[in-house]
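**Q**
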Amino acid sequence: SQVTMMFALAPAVAPLVGGAILAFGGWRSIFAFLALFGLLLGWVSWKMLPETLPQERRQSLHPVKLGKAYMTVFLRLPFFLLVIAVACNFNGFFIYVLSAPAFLIEHLGRSPQAFGWLFVPGVIGMMAGSMLSGRVAGRWSQPRAIATGFVVMGAAATFNVALNMALPPALPWSVLPIMIYNFGMALAM
Numbered sequence: 009s010q011v012t013m014m015f016a017l018a019p020a021v022a023p024l025v026g027g028a029i030l031a032f033g034g035w036r037s038i039f040a041f042l043a044l045f046g047l048l049l050g051w052v053s054w055k056m057l058p059e060t061l062p063q064e065r066r067q068s069l070h071p072v073k074l075g076k077a078y079m080t081v082f083l084r085l086p087f088f089l090l091v092i093a094v095a096c097n098f099n100g101f102f103i104y105v106l107s108a109p110a111f112l113i114e115h116l117g118r119s120p121q122a123f124g125w126l127f128v129p130g131v132i133g134m135m136a137g138s139m140l141s142g143r144v145a146g147r148w149s150q151p152r153a154i155a156t157g158f159v160v161m162g163a164a165a166t167f168n169v170a171l172n173m174a175l176p177p178a179l180p181w182s183v184l185p186i187m188i189y190n191f192g193m194a195l196a197m
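Residue numbers (my numbering): 9 to 197.
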């Protein structure tokens, strides 16, 4: 749950940084920044992060051996179904993330700088779900936590569709359902 809380910060920080870079240097500068930042992180990881696994426990990165190891894992049906479930969770959230610039900037008329702040409710939802997940861990079974998270996500999606059918696009109604959805997603993870 603490890892999920840290993971939740990226959708809030990235649009804020991206909006500032866009205002400073245009859209191409965002890609230049990402390339340079990726190179910096790769270099720091290579130079400063030691391997923690003892030599005798390290596994080969040979493509054939790696492929066999992946096949062993993915052929286990319970694991495969959980992977699909988590992928669907993230798909729901990233559909919002990818469509948000067009929706929030073009349709709701928000500036690129204000756009980043509209991710904060989603981050709050994810962090709150992570906190609850940590509190119920050990008291709730894993299937109960996952099922509760999916019920919350389903309710959020239904709420979102109902709002969009009943009301014209506006704030806060356009970002509130993603906060609820992210709460359920973090709980299910």
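The beta-carbon is built from N, C-alpha and C at its ideal position, and this holds for glycine as well.
None of these values were measured; they are calculated from a predicted model.
1) For the structure I just gave you, are there three or more beta carbon pairs, one from the region 110-129 and one from the region 166-175, closer than 8 Å?
2) Roughly how many angstroms lie between the CA atoms of Leu17 and Ile132, to the nearest whole one?
3) Would you report the Cα separation of Phe15 and Ala43, rounded to the nearest angstrom?
4) Can you look up Ala145 in the DSSP assignment and give me helix, strand or coil?
5) Could you tell me whether the Cβ atoms of Phe191 and Ala164 are closer together than 9 Å?
6) With three or more C-beta pairs closer than 8 Å as the rule, is the region 182-197 touching the region 132-150?
7) Given that a residue counts as buried once 16 or more other Cβ atoms are within 10 Å of its Cβ, and exposed if not, what is Leu126?
8) Hey, Met161 and Thr12 are a contact pair by Cβ (cut 8 Å); roughly how many whole angstroms apart?
9) Any idea if Asn97 is buried or exposed, counting beta-carbon neighbours within 10 angstroms, 16 or more meaning buried?
10) Could you check the C-alpha separation between Ala285 and Thr156 for me, to the nearest Å?
11) Buried or exposed: Ile92, going by 16 or more other Cβ atoms within 10 Å of its Cβ?
12) Around the C-beta of Pro180, are 16 or more other C-beta atoms found within 10 angstroms, so that it is buried, or is it exposed?
**A** Once the coordinates are examined:
1) They do not touch, by the three-pair rule.
2) Near 9 Å, if we compare the C-alpha coordinates of Ile132 and Leu17.
3) The straight-line gap from Cα to Cα measures roughly 20 Å.
4) Ala145 falls in the strand class under three-state DSSP.
5) For Phe191 and Ala164, yes; Cβs fall inside 9 Å.
6) Yes, the region 132-150 touches the region 182-197.
7) With 16 or more other Cβ atoms within 10 Å, it is buried.
8) With 8 Å as the limit, Met161 and Thr12 do not qualify as a contact, their Cβ atoms being about 14 Å apart.
9) Its Cβ being crowded by 16 or more others within 10 Å, Asn97 is buried.
10) Residue 285 is absent from the model: the chain starts at 9 and stops at 197.
11) Within a 10 Å sphere around the beta-carbon of Ile92 sit fewer than 16 other beta-carbons, which makes this residue exposed.
12) With fewer than 16 other Cβ atoms within 10 Å, it is exposed.
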